[in-house]
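Each number in this note's numbering comes from the position in the sequence shown (counting from 1) with 671 added on. Idealized CB from N, CA, C, for every residue including glycine.
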Amino acid sequence: MQRYMQRVAVLLATLCADIDPALTADTFLSLLELPPDKTMGDIALPCFRMAKAWRKAPPVIAADLASAMMQRIDGQDPAWTWVTEAVPAGPYVNMKLDQGLVLCDVLTSVASDDGVFTSERHLGQTVAIDLSSPNIAKPFGVGHLRSTVIGTALANLLESDGYRTIRINHLGDWGTQFGKIITAYRHFGDETRVRANPITELNALYVQFPVKAKEHPELEEEARAAFKRMEDGDPDDLALWRWAIEVSMAEFQRTYDLLGTHFDYNLGESFYNDKMEQVIEELREKSLLTLSEGAQVVLLEDEGLPPCLIRKSDGATLYPTRDLAAALYRANALHADELIYVVGGEQRLHFQQLFAVLAKMGYAFAAHCSHVAFGLMLLDGKKMSTRKGQIVRLQEVLEEAIARARAIIDEKNPRLPDPQGVAQAVGVGAVLFNDLKNNRMHDIEFSLDKALAFEGETGPYVQYTHARACSVLRKAGWLAPEADSGAASLTSTDSLQAINHFAAQAQPSGTERLAAPEWELAKTLSLFTQTRIRAIDERDPSLIAKLALDICQAFNHFYHDCPILTAEGELRDVRLALTDATRLTVRNALAFLNIKQPAEM
Ligand code: ARG
């Protein structure tokens, strides 16, 4: 729609140039709206803005402007061919667009992929995206799932805008907790049990530690000493620590394989151990370090923030110190121009402090750091937590989703080739879509039943609509029976010619050429480009998920109301082309969200 609004804005600026030269096309573009009632028109111009300068009431302005527009339209002014009608309605002018021209434009731009699904605004820029980042020896939490899912979709979207992305998994693999885990393992751990169930067992040891330390207070001292030895490079302690990383990573990798996520770097916090002194030295040189109760801190009073803790009184570095070193590494060694952190909203203060310290250090890239936060995931209205024994094992949730999807497929479509592959696409897609359809800042409800439903705002609903479009196209011979959903078809026929002809047929101005559901679908499809750009600018993939739902809804209305395969001649081509444009657009939307798009379900 944006393209058509831009056209209309230019026309309006020209129309009003004599009366009010200050009203530019950009101003008009910012005023134009989509009318809430679709039957009233395609684009609306509210006239409040002009009232003061023009010394007229908005309804009078609307009536005057509408009649000036109709003069151009009726006079067949070639500049106005895209608009077929302008009607005043109170303080608004409602305009209708030429359906044939818009239809052609939408179909041809979807057919030439590049124009619609990519842009180049950030060509030559590199963005480092910190995502997933679970903690070694602890369960992969729902927060890590959200970070992985949102971060991956965001990275895909940013790449479509010209960015080079560096996807970094900032694993929590360092800190005093490892002294406790190692000590607990030495006293009451069991190798076979850990090997069989690494994260559960290691986490259990960590949870048991304070209980045992109550009875044997000397354990606390032993744990501190163990971590100190790790920091000093003791090979035995480090070997145990490395083993914990190895077995934990193997378990995380199973989840990543199911989710279909990849990282360019798995760099744990420990990676920065040997880069810490340099950061602290730099802070000291820049006179940013202050001694506070024995600890080294950076004061952030001017920024209205609490001090950022850099080094504890016992000499140990902290989470913020490691993040400082990591940020410098990303900017200097990896040459990132922008740093994005996809981390839960509860770490807001941490990132405010981190970015403030980087700015105080004088780094220009500090202005290009952002915390892409997100809300909680709620189970039955309660926060899902990994503490208090209420461990929600993600791997199990995903496996359960796949098993249920498989059961549905076996019941509904027992002859489907590769039922397990499709079950995995649908089960995992359901969990992903349930997350991504919500504005990232909102808390989301998790219910496997609802996420897996084929009706409503779900992943399976979108995937099913896509498969339905594929099936229609297969029956029409537009898609080869064995083709996957990525196969091109719109341009491979001469249908575009037929569509052009359909669109160009001389019609009296103001005649609607399409049935209402066809027109709705065409307009909804035309929203993709501007929605993708907004999703990128707002760093919010949910805009894409919501548009995918709107497109599916528009397509399903169209599918029920307008016969496709039994239509004749050019009309059949137009309807098939709309089906194909739906297939391509939904497929791309799902691909951005990292959700698979089976051609058959
Ligand atoms: N491991 C941390 C946690 O689970 C998240 C790390 C986020 N990334 C970062 N650069 N601090 O809370």
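Original post:
Between Met901 and Leu909, is the Cβ-Cβ spacing less than 8 Å?
Top reply: Yes, these two residues count as a Cβ contact at 8 Å.
Original post:
With which residues is Pro717 paired in a DSSP beta bridge?
Top reply: Tyr763
Subject >> Close beta carbons around Leu686, own chain, < 8 Å, minus the five adjacent residues each side >> reply: By the criterion of a C-beta distance shorter than 8 Å, Leu686 is surrounded in its chain by Leu736, Ala739, Met740 and Arg743, once the five residues flanking it on both sides are discounted.
**OP:** Using 7 Å as the cut-off, classify the Cβ of Gly843 as near or not near the heavy atoms of the ligand ARG, replying yes or no.
**Re:** yes
**OP:** Ignore the nearest five residues each way along the sequence and tell me which others in Asn944's own chain have a CB closer than 6 Å to its CB.
**Re:** None.
Original post:
Could you give the distance in angstroms between the alpha-carbon of Glu948 and the alpha-carbon of Ala897?
Top reply: 21 Å
**OP:** Tell me whether His858 sits in a helix, a strand or coil according to DSSP, three-state version.
**Re:** In this structure, His858 counts as helix in the three-state DSSP scheme.
**OP:** Give the DSSP-derived three-state secondary structure of Ser958 in the structure shown.
**Re:** coil
Original post:
Count the other CB atoms within 10 Å of the CB of Ser1118; is the residue buried (16 or more) or exposed (fewer)?
Top reply: exposed
Subject >> Inter-residue CB distance, Arg946 and Tyr1000 (contact presumed, cutoff 8 Å) >> reply: Correcting the residue identity first, residue 946 is Lys in this sequence and not Arg. So it is a contact: roughly 6 Å between Cβ atoms.
Original post:
Using the beta-carbon count (16 or more within 10 Å), is Val679 buried or exposed?
Top reply: buried
**OP:** Could you tell me which residues DSSP pairs with Asp1008 in its beta bridges?
**Re:** The partner list for Asp1008 (beta bridge, DSSP) is empty, contrary to what the question assumes.
Original post:
What are the boundary residues of the beta strand (DSSP E) that includes Gln770?
Top reply: Premise fails: Gln770 lies in the alpha helix (DSSP H), Gln770 to Ala782, not in any beta strand (DSSP E).
**OP:** For the stretch 1025-1100, list the beta strand (DSSP E) runs that are entirely contained and at least 3 residues long, ordered along the chain.
**Re:** Every unbroken stretch of the beta strand (DSSP E) spanning 3 or more residues and falling wholly within the stretch 1025-1100 is given here in chain order: 1040-1043 and 1048-1050.
Original post:
Of the residues Ala1225, Ala1140, Ile1204 and Phe1199, which one's Cα is nearest the Cα of Arg1254?
Top reply: Ala1140
Subject >> Where Val1043 falls, given that 16 or more other Cβ within 10 Å makes a residue buried >> reply: Burial of Val1043 is indicated by the presence of at least 16 other C-beta atoms within 10 angstroms of its C-beta.
Subject >> Status (buried if at least 16 other CB within 10 Å, exposed otherwise) for Thr863 >> reply: exposed
Original post:
Under 7 Å from any heavy atom of the ligand ARG, does the C-beta of Tyr1000 make it?
Top reply: no
**OP:** Determine the direct distance from the alpha carbon of Asp905 to that of Ala1037, and round the result to whole angstroms.
**Re:** The alpha-carbon atoms of Ala1037 and Asp905 are separated by roughly 36 Å.
Subject >> Own chain residues within Cβ distance below 8 Å of Ala1124, not counting five before or after >> reply: Pro1131 and Tyr1132
Original post:
What are the partner residues of Leu1123, as DSSP defines its beta bridges?
Top reply: Paired residue(s): none; Leu1123 is not in a bridge.
**OP:** Verify whether the separation of the beta carbon atoms of Ser1160 and Leu1167 is less than 8 Å.
**Re:** no
**OP:** Please determine if the stretch 819-836 and the stretch 791-803 are in contact, where contact requires at least 3 C-beta pairs separated by less than 8 Å.
**Re:** These segments touch.
**OP:** Would you kindly check if the distance between the Cβ of Ala966 and the Cβ of Arg982 is under 8 Å?
**Re:** yes
Subject >> Sequence-distant residues of its chain with Cβ nearer than 6 Å to Pro759 (five each side left out) >> reply: Hits under 6 Å: Ala733, Ala734 and Ala737.
**OP:** Using alpha carbons as the reference points, say which of Ala1030, Pro1085, Phe880 and Glu1067 lies closest to Val813.
**Re:** Glu1067
Original post:
Asp994: which of Asn1003, Leu1025 and Leu970 sits nearest, CA to CA?
Top reply: Leu1025
Original post:
Less than 8 Å separating the beta-carbons of Asp1114 and Gly1046?
Top reply: yes
Original post:
For Ala875, which of His887, Pro1088, Ile853 and Pro1212 has the nearest alpha-carbon?
Top reply: Ile853
Subject >> Pick from Lys1194, Thr819, Lys1217 and Asp1211 that is closest to Leu778, judged by C-alpha positions >> reply: Lys1194
Original post:
In three-state terms, what does DSSP make of Tyr675?
Top reply: In the structure shown, Tyr675 sits in a helix (DSSP, three-state: H, G or I).
**OP:** Can you tell me which of Arg674, Ile1235, Ile1011 and Arg925 puts its alpha carbon nearest to the alpha carbon of Asp772?
**Re:** Sequence inspection shows Leu at residue 772; the Asp mentioned does not correspond to that position. With distances taken between Cα atoms, Leu772 lies closest to Arg674.
**OP:** Could you name the residues that DSSP lists as bridge partners for Arg982?
**Re:** Gln967 and Thr988
**OP:** Starting from the C-beta of Ser984, find all residues in its chain whose C-beta is less than 8 Å away, skip the five residues before and the five after it, and write them out in chain order.
**Re:** Excluding its 5 nearest sequence neighbours in each direction, Ser984 has C-beta neighbours in its own chain below 8 Å: Glu964, Gly965 and Ala966, listed in chain order.
**OP:** Quick one: residues in its chain with C-beta nearer than 8 Å to the C-beta of Leu828, no 5 flanking neighbours on either side, listed in chain order?
**Re:** For Leu828, the CB contacts under 8 Å within the same chain, skipping 5 residues up- and downstream, are Arg1203, Ala1206, Ile1207, Pro1212, Ile1215 and Phe1263 in chain order.
Original post:
How would you label Phe1226, buried or exposed, when you count the other beta carbons within 10 angstroms and need 16 or more for buried?
Top reply: buried
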